[in-house]
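Trainee: Before we start, here is the structure in question, set down as structure tokens.
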Amino acid sequence: RMNSVDYKKFIVFICSFLFRISAGDDILGCNGFIKSDIPINYSDVEVKLLTKQGSVKDHTDCAPNNGYYFLPVYDKGEYVLKVSPPEGWKFEPEQVSVLIDGATDPCSTGKDINFIFKGFAISGTVYFREKIGPKGVIVDLIRDVKNISDKDVISTTTSTENGNFIFSPVVPGKYLVRISHPRWTIRLNEAFVEVKNGNGNIPPGKLIIGGYDVSGTVTSDSQPINGVSFVLFSKIKSVYVSGCATSTLPGFNSHGLNLENWAPICHVASNANGIFIFPQLQPGQYLLVPHYKGAKSTKFDVHPRTLPFTVTHDSLQLTTSFEVKGFTVSGKVLWSENGKPMSDASIYLNGKEVTKTGIDGVYNLESMRAGTYKIKVEKSLVEFEESEIKMSSTTLPDLFPNKYRVCGKMHSVSSTGPYRIDIKSENEDSLIEVETDSKGNYCKYLSPGKYIFSPYLNRMQKNNGLLFSPMTRVVEIIDSPLDNINFSQLRSTVKGKIVCMSVCPLITVNLKPKGQGGLFQTIAKGGTYEFKDVMPGDYDVYIEPGLGWCWDKETQPLAIINEVTHVPTFTQSGFTVTIVSSHDTKVIYYSETDINDKYDLSVTPGSTHICVPKPTPYIFEPFGCHGYPEKKIRWVTGTVSLIALTHLNSYSLLSTHPISDLSVAVTSMDSASSHPTKIIPKLAAQVTDNVRYDMNIDLKEGEILSLIPSAPTFLFSPQTIDVRGHNDCINVTEPLFKAEKGHVISGEVVTGANVGLGDVLVTIKDEDDTVIFHHLTAPDGTYTSPPIKSGPNYKVVAEKEGFILTALARQGDFSAHKLAEIIVVVRDIKDTKPLQGVLLSLSGGKSYRRNAQTNADGSMSFLSLSPGEYFLRPMMKEYRFRPQNKIIKVNEGATEHIILAGERVAFSGIGEVVSLSGEGESGVVVEAIGLDQCHLLQEEATSNEKGHFRIRGLKPMCSYNVHVKQGADINKHIQTSSTDNVPSSDISGIRLFAMRPTSRTDVLVYVLPDRPEDLKTLRLRLSREEAPEALVGLIKLSDYKPSPDGYMLSSVPVLLPPLPADGRTYILQMESSLSQATHEYTLRPIHFKASGSSKVIRMPFSPRLRSRDPDLSQSSYLVLPVLIALGLAMYYKESL
């Protein structure tokens, strides 16, 4: 058994097989031109065909005379055409993505994909001394003129990593390159360069940076400090710096600092904004030491004491700011006066959090100055008052809370808050009112002392019967928060009875508050029921729908104000029939025991409910223009489903003349359709000068039929039409087709010797140049068109490759004259046999180009050529040709014979990918990776619609690892590989077996009745949860017969219709024809999701025969005569 992950992957096995592919695949390729306004050598430019993942499929250089290129494509798919010129040359576009589908893309339709040359490149590097330099230097490209101005700046860029820069595209000429930077010192800032017929390069060391700036800040209480000195140290003594003082700093000493191996370099001082700058430093490691003395030689601490940093090829802003510090004081926070220490309390000074208390409740205030401050403590569950303190000593007074949090809850299951609770102190007369949230929760901060908590109810709450217990609670607050000061609500009991036409089954009864509150449910047994723990208030009592019975009252109102409350009795009045219909229709229904007493009913779409007085089965008969699965539906219990399968669709055809042999061919998209393949429309009426024919077809909703009218010598408009079944009956008044008599055109094509010329393409167009007919002439040069629409302005055009055709006096006749041609023959250099499938690319003349493959005899003819020079290039994967290309001069009307030789230099791996059933798997990418000395080689191919693949270009005497290519979006579900050694021939017999994940869920249901004879009364109904009225499947177990040995079936395995494994939820309902008047049973629906490959469901069926003389309670004496009468009626019915 496979898990879900396995199902999402291909499982591939490799074995041998014999399989061959013809070498002559259909020609398909991409072509275009390299175009340039500047003279360039086209043959220096290469065009590559890449896969979507970047692998090179093929490449070619361009024709030297006009820049034309052509690249054959052997497999359809996503590719990238990329121009590959000498380094620095700029083309637009640089690459083009193509999705080759063989039909609509530019390559398949033969459109040119051109690359336009824009210019050469100028490149260079900005240096720091003799080393590579930084990124971010501004580089300007300027015309080399006498008086340079801003308008002469052609382009501006910035240097990249390591100081490199490039300008592209650039046309030939003389240029000046200049560098600059807003902060750094420049030592050499200009260099000259000339571009002729290639790229321009600036020699190393022509553009040099002097150094980089380093800056920082110093503050005290967020205020800038002026005059703080900063001494710079380096591990290298000879460091080149500029813009800082190298003299000794008065009063500075390194006492207490570890400056071993560090040498002083220079120093600077902060300005009025607290900023200090070292303007020019070379890359390296440095250490910064602050030094600050105030008035009267008072020395302040500046932090940090030292700051190491590293300068790279960039400006440096020190992220760590230096700060002048002050002195420290301490204090303590307690839970109460003389109480326990409070840890983790937040200390705020002048509204700003400065520290937290430790585990001993002690806190420290650092960097303080003398003066008066406001101090406050914050801690969860308690409150502190803000106080003023004077910083005149190193210790502060103890701090403790003035209020503690008290919380509780008012529990009520019949209503929601907010509620109100009153709190009164024993020592004060004032009253504190607290409101709870919607869930009854409340909290209040109170000072230490004793309090009385009392729930308060408004008039509405009292009228709704809301009461809480206890009435009051006494709470004492000492030195900690309190929780669980709770109050709860009063509850009651509700009782009631149900009277049924027969013995009452188990019945669900609902009790629902009229205001806010949840629904209560209970089960009535023997006609009695009871609800416990019900809150006081107004309620509605009703029986749970779905039993299929009618009642004298659907709902009983009830007011609960006492501990025990009785509900008025529910009495059964009949049986409910639910009719679910898909359309408006008429229905006749009657009791099976009284077929003469019939009722008419109009049913609308959706559900219709009616009440019938008898428990006997009823027959429902729908009638109208809809088609249903059954003409009569027998109802015993449950739902009457009227889901229309087909609807009457009426169409017509209008003709200018009567048609004696008119027929309409009908083709259905559904192979299981029972529609006739041909219908004969009926003559309906003469309409003015036309004749109308009618057609009536019963169609399912969404069913598509293709209608094709036909009759000799008649034209139909349109020639064919698809009709789709609607969700209701329709009568299309406008005719689907119009018919009229046609016209025939014939002619012939002859040569100068008056001999018929065959295989000439003849095209007939109307006055709008719309093609209405095209056909090849017969060997004798004649042709005849089928009937076409009558008209005076038809155009007849003839064409054949290698010929000029001229129209003659009689419409439809032509004369033919032959043009010049090049005939190419390609043979194998090894055995001189003809090479089939060689791709020949010919371009030149007057914008002529064509790409074609050689035939089985190794030849290809290029016809209809004008005089001029042509460039011929042979191409074939795995072959090298001699000569590689050829310039051919063609004269007017001449025939040039060219012979080429091909040498096989690589071979193919041929195979297929199939499923376990033997069907081909398409779209699988197979890759061959070279091993050992051939590890740099890689080729790939994609399996076609039949699963066949051919990996071309495998080098002889190389071993390859053949496997499915892995990638972000390619075959990530396939994992396999195979190693093959390539001899001097093609390899065949590579076969990959693939198993795809399951796309459906099979559901097996075991039906287990207590008695085998009950199977014939059962059926299974399957529907989707989101559309329970739409039937997915209906299985009657009466169709299952006893075994051949005559034994009754004790259980039946039922296989449901296959379900798509899409995770949707389905409902499986068992239904029985056993009367619930005689039997007692419960049929509960089963909900399941269509996921995984299979599911097994067990459905038992255990009916019990109802007792004829149950014990009657005192409350049942009133219905005893009715029960006796019903029992006698049932008895005589069964005996009959």
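Just so it is clear: in the sequence shown, position 209 is 209 by UniProt numbering, and no numbers are missing.
The beta carbon of each residue, even a glycine, is placed where N, CA and C say it ideally should be.
Please read these numbers as outputs of a predicted model, since none were measured by experiment.
(1) Kindly indicate the opening and closing residues of the alpha helix (DSSP H) around ASN463.
(2) Considering only the beta carbon of each residue, do PHE575 and VAL499 sit closer than 8 angstroms?
(3) Hey, could you find the ends of the beta strand (DSSP E) PHE871 is sitting in?
(4) Between VAL771 and the rest of its own chain, which residues show a CB-CB distance below 7 angstroms, the 5 nearest in sequence each way excluded?
(5) Assess, as a yes-or-no matter, whether the segment 339-348 is touched by the segment 374-391 under the definition of 3 or more beta carbon pairs within less than 8 angstroms.
(6) Who are the near neighbours of THR608 in its chain, counting only those whose CB is closer than 6 angstroms to its CB and skipping five residues on each side?
(7) State the start and end residues of the unbroken beta strand (DSSP E) segment that holds LYS82.
(8) Is HIS303 buried or exposed, if buried means 16 or more other CB atoms sit within 10 Å of its CB?
(9) From the DSSP secondary-structure annotation, give me the bridge partner or partners of TRP635.
(10) Out of SER380, SER988, ASN226, LEU287, which has the shortest C-alpha to C-alpha gap to LYS237?
(11) Looking at LYS118 and GLU92, is the spacing between their C-beta atoms short of 8 angstroms?
(12) Please identify the residue among TYR618, GLU190, SER149, ILE389 whose C-alpha is closest to the C-alpha of ARG634.
(13) LYS678 and VAL664 look like a contact to me (Cβ under 8 angstroms); what is the Cβ gap, rounded to whole Å?
(14) Count the other C-beta atoms from every protein chain shown that fall within 10 angstroms of the C-beta of ARG305, then say buried if there are 16 or more, exposed otherwise.
(15) Just mark ALA295 as buried or exposed, buried being the case when its beta carbon has 16 or more other beta carbons within 10 Å.
(16) With 16 other CB atoms within 10 Å as the buried threshold, where does PRO204 fall?
(17) Measuring straight from C-alpha to C-alpha, what distance separates ALA121 and GLY198?
(18) For GLY496, does the count of other Cβ atoms within 10 angstroms reach 16, so buried, or fall short, so exposed?
(19) Could you check the C-alpha separation between ASN953 and LEU50 for me, to the nearest Å?
(20) Check for me: the beta strand (DSSP E) holding TRP551 runs from which residue to which?
(21) With the cut-off set at 8 angstroms, would you say LEU1031 and ARG1019 are in Cβ contact?
(22) What are the complete beta strand (DSSP E) segments, minimum 3 residues, inside the segment 355-388?
(23) Cutting at 7 angstroms between CB atoms, please list the residues of its own chain near HIS583, excluding the five before and the five after it.
(24) Are the beta-carbon atoms of ILE745 and GLY812 separated by less than 8 angstroms?
(25) Which residues does DSSP list as the beta-bridge partners of CYS934?
(26) Going by DSSP, name the residue or residues bridged to ARG952.
(27) Pick out the complete beta strand (DSSP E) segments inside the segment 561-607, 3 residues or longer, and give them in chain order.
(28) With distances taken from CA atoms, which of LEU835, SER1073, LEU467, ASP429 is nearest GLY858?
(29) Could you give the C-beta distance for PHE233 and VAL289, rounded to a whole number, given that I count them as a contact under 8 angstroms?
(30) Assign TYR42 to one of three DSSP states: helix, strand, or coil.
(31) Quick check: the segment 850-870 against the segment 819-838, are there 3 or more CB pairs under 8 angstroms?
(32) By how many angstroms is the C-alpha of ASN463 removed from the C-alpha of SER414?
(33) By DSSP, does PRO64 sit in helix, in strand, or in coil?
(34) Among residues of its own chain, excluding the 5 on either side of TYR42, which ones have a beta-carbon nearer than 7 angstroms to its beta-carbon?
(35) What does a CB cutoff of less than 7 angstroms around ALA968 pick up in its chain, not counting 5 residues either side in sequence?
(36) With a threshold of 8 angstroms on Cβ separation, who are the neighbours of THR555 within its own chain once the five nearest residues in sequence on each side are excluded?
Mentor: Let me spell this out:
(1) 459-463
(2) no
(3) For PHE871, the enclosing beta strand (DSSP E) starts and ends at 868-875.
(4) THR763, LYS765
(5) yes
(6) ILE579
(7) 77-84
(8) Note on HIS303: under 16 other CB atoms within 10 angstroms of its CB, so exposed under the neighbour-count rule.
(9) TYR618
(10) LEU287
(11) yes
(12) For the residues TYR618, GLU190, SER149, ILE389, the minimum Cα distance to ARG634 belongs to TYR618.
(13) 7 angstroms
(14) exposed
(15) Below a pLDDT of 50, predicted positions are generally treated as unreliable, and ALA295, at 41, falls in that range; the measurement from the model is reported next regardless. When all chains shown are included, ALA295 counts as exposed.
(16) exposed
(17) 8 angstroms
(18) buried
(19) According to the sequence as given, residue 953 is Gly; it is not Asn. Between GLY953 and LEU50, the C-alpha separation is close to 15 angstroms.
(20) Taken as a continuous stretch (DSSP letters only), the beta strand (DSSP E) holding TRP551 covers 549-551.
(21) no
(22) 362-368, 372-378
(23) PRO605, HIS626, ALA644, ASP728
(24) yes
(25) Answer by DSSP bridge pairing: none, since CYS934 is not bridged.
(26) The partner list for ARG952 (beta bridge, DSSP) is empty, contrary to what the question assumes.
(27) Fully enclosed beta strand (DSSP E) runs of 3 or longer: 564-566, 570-581, 585-591, 594-603.
(28) LEU835
(29) Contact holds; Cβ gap of about 7 angstroms.
(30) Looking at TYR42 - three-state DSSP - the assignment turns out to be helix.
(31) yes
(32) About 13 angstroms.
(33) coil
(34) Around TYR42: ILE34, CYS62, ALA63, PRO64, GLY67.
(35) Note that ALA968 has pLDDT 43, beneath the 50 cutoff, so the model's placement of it is unreliable and the number below is only indicative. Closer than 7 angstroms at the Cβ level, and outside the excluded window around ALA968, lies no residue.
(36) ASP540, VAL541, TYR542
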